[in-house]
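Participant:
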Amino acid sequence: PKFTAHMEDDLDRIEEGTLTRLDALREFYAPFSARLSALESVLGNGGKRPFRVMSDLNCDKCGAPMELRYWKGTYFLGCSNYPECKNTVNLPPDLPYKYIDGKLIVREALAEYAAKDAQTIPCPECGAPMELRTGRYGRYYKCTNPECGKTAPVSTGVPCPKCGEGVLVEKYSTKTRRTFYSCSNYPKCRFAVSERPVKVCPSCGAGVLVEKGGKLKCTNKECAYEEPIEP
């Protein structure tokens, strides 16, 4: 709003003859040029380190601000005290964020994301707790027993309506950069949906119910079943 009002005032002054168009352009370009030069200095670093943006999250090891980094197709947060502190934080691919005044706002979203799935599950191999982690290929569970190290997908608990043997688990596509849900019996069973499944459709049994348009709707194109979302 302030920028628009200022430009309108300049246009009025140009029309009145109290300001030339060249002076107006110089006034606009000066701050823009400074920001452009700063950006070019960051990007033109000879490839020594990736482009980074400051976030509102502080490092839980040294207290320094965490920065957004991009490396080999993956976004993550890294400590600004690197290389003295090499702490990093994975960014879930579907994490909501805001970008305000040159800063990435993710602290509250990360806390909510962690709280949503804070529970642990027992390792099927050794019985030790498995903790939820986020990697390049999405979220997964990893055994806390260093001698085990087994991993497991994040299950939705919804049975596969196609094979009836597996359950639908969370997956992440690096090609589309989107989370999807497929049968745990893949590649034997290739059933998959793009939205998080809630339950098997009680009408046709061939699809699952997902949230769409404020309702739960069946993913089976031949089934029109829908029901309200329970509060």
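The sequence shown begins at 962 in this note's numbering and counts up one residue at a time.
Built from N, CA and C at the ideal position, the CB exists for glycine as well.
Between the segment 1146-1158 and the segment 1087-1101, do at least 3 Cβ pairs fall closer than 8 Å?
Facilitator: The segment 1146-1158 vs the segment 1087-1101: no contact.
Participant: Under 8 Å by Cβ, that's how I've got residue 1135 and residue 1098 pegged, so tell me the actual separation to the nearest angstrom.
Facilitator: Locating residue 1135 in the sequence shown gives position 174, counting from the first residue. Locating residue 1098 in the sequence shown gives position 137, counting from the first residue. Yes, they are in contact, since the Cβ atoms of residue 1135 and residue 1098 sit about 7 Å apart, within 8 Å.
Participant: Would a C-beta distance cut-off of 8 Å place residue 1142 and residue 1158 closer than the cut-off?
Facilitator: Locating residue 1142 in the sequence shown gives position 181, counting from the first residue. Locating residue 1158 in the sequence shown gives position 197, counting from the first residue. Result yes, Cβ atoms of residue 1142 and residue 1158 sit closer than 8 Å.
Participant: Taking residue 1087 as the reference, which of 1111, 1138, 1181 has the closest Cα?
Facilitator: Along the sequence shown, one-based indexing puts residue 1087 at 126. Minimum Cα distance to residue 1087 is reached at 1111.
Participant: Let's test the definition: count the other Cβ atoms within 10 Å of the Cβ of residue 1023 and tell me whether it reaches 16, buried, or not, exposed.
Facilitator: Stepping through the sequence shown from its first residue, residue 1023 is reached at position 62. Residue 1023 comes out exposed.
Participant: Any idea what DSSP makes of residue 1021, helix, strand or coil?
Facilitator: Within the sequence shown, numbered from 1, the residue matching residue 1021 stands at position 60. Here residue 1021 sits in coil by DSSP.
Participant: For my contact list, residue 1018 and residue 986 are in at a C-beta cut-off of 8 Å; report their separation, rounded to the angstrom.
Facilitator: The residue labelled residue 1018 in the question sits at position 57 within the sequence shown. The residue labelled residue 986 in the question sits at position 25 within the sequence shown. In fact, because the Cβ distance is near 39 Å, the residues do not count as touching under 8 Å.
Participant: Considering Cα atoms alone, identify which of 975, 981, 1016, 1160 is closest to residue 1061.
Facilitator: On the sequence shown, residue 1061 is found 100 positions in, with the first residue counted as 1. Considering only alpha carbons, the answer is 1016.
Participant: Nearest-angstrom Cα distance between residue 1140 and residue 1085?
Facilitator: One-based indexing of the sequence shown puts residue 1140 at position 179. One-based indexing of the sequence shown puts residue 1085 at position 124. One C-alpha to the other measures close to 25 Å.
Participant: May I ask you to report which of helix, strand or coil DSSP gives residue 1074?
Facilitator: Position 113 of the sequence shown, counted from the first residue, corresponds to residue 1074. Looking at residue 1074 - three-state DSSP - the assignment turns out to be helix.
Participant: Residue 1114 to residue 1014, Cα distance in whole Å?
Facilitator: Here residue 1114 corresponds to residue number 153 of the sequence shown, with the count starting at 1. Here residue 1014 corresponds to residue number 53 of the sequence shown, with the count starting at 1. Roughly 31 Å separates the two Cα atoms.
Participant: Go ahead and label residue 983 buried or exposed: buried means 16 or more other beta carbons lie within 10 angstroms of its beta carbon, across all protein chains shown.
Facilitator: For the purposes of this step, residue 983 is taken as residue 22 along the sequence shown, with counting starting at 1. Answer is exposed; the Cβ neighbour count stays below 16.
Participant: Residues in its own chain within less than 6 Å of residue 1167 by CB, not counting five upstream and five downstream?
Facilitator: In the sequence shown, counting from the first residue as 1, residue 1167 sits at position 206. Only 1122, 1181 meet the Cβ criterion.
Participant: Between 1029, 1185, 1178, 1081, which lies nearest to residue 1105 when the distance is taken from Cα to Cα?
Facilitator: The residue given as residue 1105 occupies position 144 in the sequence shown. Nearest C-alpha to residue 1105: 1081.
Participant: What did DSSP end up calling residue 1056 once you bin it into helix, strand or coil?
Facilitator: If you number the sequence shown from 1, residue 1056 lands on position 95. Reduced to three states, the DSSP call for residue 1056 is coil.
Participant: Going by DSSP, which residues form a beta bridge with residue 1082?
Facilitator: Reading the sequence shown from its first residue, position 121 is the one you call residue 1082. Beta-bridge pairing links residue 1082 to 1091.
Participant: Assuming residue 1067 and residue 1058 make a contact with CB atoms under 8 Å, what is their CB distance in whole Å?
Facilitator: Mapped onto the sequence shown, residue 1067 falls at position 106. Mapped onto the sequence shown, residue 1058 falls at position 97. Between residue 1058 and residue 1067 the Cβ distance is about 5 Å, and since that is below 8 Å, they are a contact.
Participant: Just the Cα atoms here: how many angstroms apart are residue 1184 and residue 1171?
Facilitator: As a first step, residue 1184 is located in the sequence shown; it is residue number 223 there, counting from the start. As a first step, residue 1171 is located in the sequence shown; it is residue number 210 there, counting from the start. About 13 Å.
Participant: Of the choices 1044, 1025, 1065, whose alpha-carbon is the least far from that of residue 1036?
Facilitator: Locating residue 1036 in the sequence shown gives position 75, where the first residue counts as 1. That would be 1065, whose Cα lies nearest to the Cα of residue 1036.
Participant: In the DSSP assignment, find the beta strand (DSSP E) that holds residue 1031 and state where it starts and stops.
Facilitator: Along the sequence shown, one-based indexing puts residue 1031 at 70. Where residue 1031 is concerned, the enclosing beta strand (DSSP E) stretches over 1026-1032.
Participant: Whole angstroms is fine: what's the gap from residue 1133's alpha carbon to residue 979's?
Facilitator: Taking the first residue of the sequence shown as position 1, residue 1133 is located at position 172. Taking the first residue of the sequence shown as position 1, residue 979 is located at position 18. In a straight line, the C-alpha of residue 1133 is about 59 Å away from that of residue 979.
Participant: Mapping the DSSP letters down to three states, classify residue 1004 as helix, strand or coil.
Facilitator: Within the sequence shown, the letter at position 43 stands for residue 1004. A caution first: residue 1004 carries a pLDDT of 49, below 50, which makes its placement in the model unreliable, though a value can still be read off. It is helical.
Participant: I need the boundaries of the beta strand (DSSP E) containing residue 1108, first residue and last residue.
Facilitator: Here residue 1108 is taken as the residue at index 147 of the sequence shown, counted from 1. Unbroken run through residue 1108: none, as it is neither H nor E.
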